[in-house]
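Shown next, in structure tokens, is the structure this report addresses.
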Ligand SMILES: [Fe+2]
């Protein structure tokens, strides 16, 4: 889940636009030095996107001081996450999966577990709340999406952590979904109206055993947390899904009608769906991308309109090129994310919030 941009962000290119904030720790009175910074390519809607906090090289790095900074600023950070859509923490003392887990816990937010989710992606847990972002091969792009918008159950936000950046590529495109919807509506008002009026239904064929060659290769046993067919059918029934068993015990499921446009509590409307990812990327030996999604009444979604939507979204995306130790906090209601192909080993971990 994260882009082919290989632009790097050396700290020397940062342009500070806020004054340094020093926090004294109770134990040794050394200073925590964190600046809010600007980078090339950063967008303004009008808020900076993403918002970036970078810890100075000479800063105190004691985890207790970092925890105190997060907790002292938590209300502000939550507000900023919603307003900006994404916050990048750079240069913080986060090196390992356990550091990442501990950093997340400073925020005191409720975990959204992979086991309970209906995500299609194959992942590996490192800790109870931290897992690999997607096990799909390096040459496979994961296109822009809101996490799990193709299911009735989705996380409110995500944390990403770069343990090891790719050699080339592997950036994470981030796209403001509220801004995108305004742009789509300006050129395709009838399409947006159809999305709002009809909603969408998603169809996906899941394998009996996990398929690591696919970005949607999670088995139905894992996806539905069901040991056998009867348990799978019971779960699907409770969710309002339709289903069909196929040869090799593959399972094709179709969701109930889900909204394609949502209105947030603050009145912003967002293009909250999986249209872009489904049209571009839901393709494997079991699935045909453009047959994975239709309007709620069963009618076909115009591929020409989707080509325009996809181009708008690509042009609007900020490609986040990872540096080791980066942590990004992404509001899943406001921002879509993806992953661009890469070379070399790339270890980006994720955690979901309820
Ligand atoms: Fe994702």
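Residue numbers (my numbering): -2 to 351. Ideal Cβ placement from N, Cα and C applies to all residues, glycine included. Keep in mind that this is a model prediction, so the values were computed, not measured.
Tell me, please, which residues DSSP counts as bridged to residue i.
i           : result
residue 340 : 165
residue 45  : 41
residue 199 : 290
residue 50  : 33 and 86
residue 154 : 328 and 350
residue 129 : 346
residue 122 : 128
residue 186 : For residue 186, which the question treats as bridged, DSSP gives no partner whatsoever.
residue 172 : 333
residue 159 : 345
Is residue i helix, strand or coil when you go by DSSP?
i           : result
residue 71  : helix
residue 80  : helix
residue 224 : coil
residue 149 : coil
residue 134 : coil
residue 97  : helix
residue 206 : coil
residue 316 : strand
residue 142 : strand
residue 57  : coil
residue 115 : coil
residue 106 : coil
residue 396 : Here the chain has residues from -2 to 351 only, and residue 396 is not among them.
residue 91  : coil
residue 321 : coil
Who are the Cβ neighbours of residue i in its own chain at under 6 Å, not counting the five residues just before and after it?
i           : result
residue 211 : 281
residue 18  : Annotation note: pLDDT 42 at residue 18 (below 50); position unreliable, no value reported.
residue 182 : 189
residue 116 : 145
residue 120 : 111, 128 and 129
residue 20  : Note that residue 20 scores a pLDDT of 42, beneath 50, so its modelled location is shaky; the value from the coordinates is reported in the next line. Counting only Cβ-Cβ distances below 6 Å, and skipping sequence neighbours, we find 29 and 66.
residue 39  : 45
residue 25  : With a pLDDT of 43 at residue 25, under the threshold of 50, the predicted position of this residue should be treated as unreliable, and no value is reported.
residue 208 : 214
residue 90  : 58
residue 239 : 251
Leaving out five residues on either side along the sequence, give the residues of the same chain with a beta carbon under 7 Å from the beta carbon of residue i.
i           : result
residue 241 : 249
residue 23  : Because the pLDDT of residue 23 is 36, which lies under 50, any placement of that residue in the model is unreliable, and the number read from its coordinates should be weighed accordingly. Cβ neighbours of residue 23 beyond the five flanking positions: none.
residue 246 : 205
residue 122 : 111 and 128
residue 80  : 44
residue 104 : 67 and 71
residue 283 : 202, 204 and 247
Do residue i and residue j have their CB atoms nearer than 9 Å?
i           : j           : result
residue 316 : residue 171 : yes
residue 267 : residue 143 : yes
residue 114 : residue 349 : yes
residue 157 : residue 169 : yes
residue 167 : residue 339 : yes
residue 255 : residue 154 : no
residue 180 : residue 279 : no
residue 82  : residue 327 : yes
residue 321 : residue 162 : yes
residue 118 : residue 133 : yes
residue 126 : residue 98  : yes
residue 323 : residue 86  : yes
residue 302 : residue 185 : yes
residue 196 : residue 41  : no
Keeping to the same chain, check which residues put their C-beta closer than 8 Å to that of residue i; ignore five residues upstream and five downstream.
i           : result
residue 93  : 160
residue 258 : 178, 189, 192, 193, 266, 267, 268, 269 and 270
residue 310 : 141, 172, 177, 273 and 333
residue 76  : none
Unbroken beta strand (DSSP E) runs of length 3 or more, entirely within the segment 239 to 303: which are they? 239 to 242, 248 to 251 and 290 to 292
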